[in-house]
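The opening position of the sequence shown corresponds to residue 42 in our numbering, with each subsequent residue numbered one higher.
Note sheet for the following structure.
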Amino acid sequence: MGQSGASATVARVESLVERLGHRAGARLVLISADRIGTTHSSTAGGFQALRDGAATTGTVVMPAAWARHAAELYRGEDLGVHLTLNSELDCFRWGPITNAPSLLDGDGGFPRTLQDLWDHADLDEVRRESRAQIERAVLWGFDVTHLSTHMAAMQQRPEFFDVLLDLAAAFDLPLRLESGEAERNAGFPFRALATARGVVFPDHFRLVRGDARNHVVEQLADLQPGVTELSLCPALDEPEIHAIDPAAAGRVDDLALALSAELAEMLEESGAVPVGYRALRSAQRRARHRI
């Protein structure tokens with residue numbers, strides 16, 4: 042047999058945008074309204090960004106005080122569960138919905154810091170609590186489209202990521218995962234591990250704490266081929282959010298940006314195709330179940 046016959050043909054791996062029905066090299070954008078359920082301001086602001094603005098997806102924090110109200114407002118929007126094991130605000134706290142002593146700090150809420158969580162959390166309790174948050178979302182009527190992790194807590198440690206990946210596979214849901222430097226800083230290949238399990242995630246995502254407007258403008262000015270996720274934390278300009286959250290002004294600006302003609306123009310100029318996680322979920326399930 043000649044060399045050409047002996048050489049195996051390597052099949053080209055289909056890109057995520059192609060799996061979503063677009064041409065190779067297309068630019069797709071997810072714009073997320075995060076932290077729905079944490080406060081009234083964030084809940085009402087998140088739904089406004091989804092219904093009247095540019096947001097194509099969002100996340101809900103199930104242990105938080107306004108999650109039940111979010112379920113009452115829900116009309117089938119593209120929402121994922123923001124798996125939450127931390128409660129970082131000084132004077133507004135939430136805690137586990139399961140019996141999880143290792144996930145409590147001295148105030149009776151989730152740990153404020155990531156290091157406190159990582160140092161003291163029992164992984165069995167992490168798994169039970171995370172599963173309970175997803176199951177509560179389903180019970181309350183949410184059509185859960187994906188999973189994310191608050192403060193990236195379950196992405197940055199391999200033992201926590203194992204729990205996150207197991208849940209994504211068990212519920213057959215895509216994940217929000219960071220790209221680039223975040224994976225190198227974590228010290229383990231979480232994106233490759235997700236791919237090996239058939240779990241889908243955006244091609245490009247960077248967690249930004251504060252100054253989301255500048256990040257969005259920067260990303261849309263030089264949008265890369267593939268699926269890019271941009272995260273906003275929109276909130277109404279109400280006394281509640283200003284009283285409890287030092288980042289309140291930025292959250293109010295996130296809502297203004299999501300509703301603005303400026304963002305609509307930037308999206309059009311970038312050539313971006315808006316997409317939600319429901320499309321990623323369908324692509325993942327087709328591939329994993331060959332349907």
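Every residue gets a Cβ at the ideal spot worked out from N, C-alpha and C, and that includes glycine.
I175 places its beta carbon 8 Å or farther from that of V240. By the beta-carbon neighbour count (other beta carbons within 10 angstroms, threshold 16), D295 is buried.
The C-beta of N127 has 16 or more other C-beta atoms within 10 Å across all chains shown, which makes the residue buried. Residue pairing from DSSP places I72 in a beta bridge opposite L271.
About 6 Å separates the Cβ atoms of P215 and Y318, confirming a contact at the 8 Å cut-off. Our two residues, A302 and A74, have alpha carbons roughly 17 Å apart in a direct line.
Residue pairing by DSSP leaves S56 without any beta bridge partner.
Under the 10 Å beta carbon count, Q265 is surrounded by fewer than 16 other beta carbons and is classified as exposed.
Judged by beta-carbon spacing, I77 lies within the 8 Å limit of T100, meaning their Cβ atoms are closer than that value.
For S189, the beta-bridge partners assigned by DSSP are H123. Linking T79 to W135 through their CA atoms gives a straight-line distance of about 9 Å. In this structure, the beta-carbon distance from R169 to T139 falls below 8 Å. Using a C-beta cut-off of 8 Å, the region 151–159 makes contact with the region 184–204, since at least three inter-stretch Cβ pairs fall below that distance. The three-state secondary structure of P142, taken from DSSP, is helix. The beta carbon of D163 is closer than 6 Å to those of S143 in its chain, skipping five residues each way along the sequence. By the C-beta criterion, the region 268–276 is judged to be in contact with the region 61–73, since at least 3 inter-stretch pairs fall below 8 Å. Assigned with DSSP and collapsed to three states, T98 falls in strand. When secondary structure is reduced to three states using DSSP, L114 falls in the helix class. Here the region 247–258 lies against the region 281–301, with 3 or more beta-carbon pairs under 8 Å apart.
Under DSSP, P315 shares a beta bridge with V70. Residue burial annotation: H330 is exposed, with fewer than 16 other C-beta atoms found within 10 angstroms of its C-beta. With fewer than 16 neighbouring CB atoms inside 10 Å of its own CB, R92 falls in the exposed class.
Bridge partners of H245 according to DSSP: T269. In terms of Cβ geometry, E224 and H81 do not form a close pair [threshold 8 Å].
With 16 or more neighbouring CB atoms inside 10 Å of its own CB, P243 falls in the buried class.
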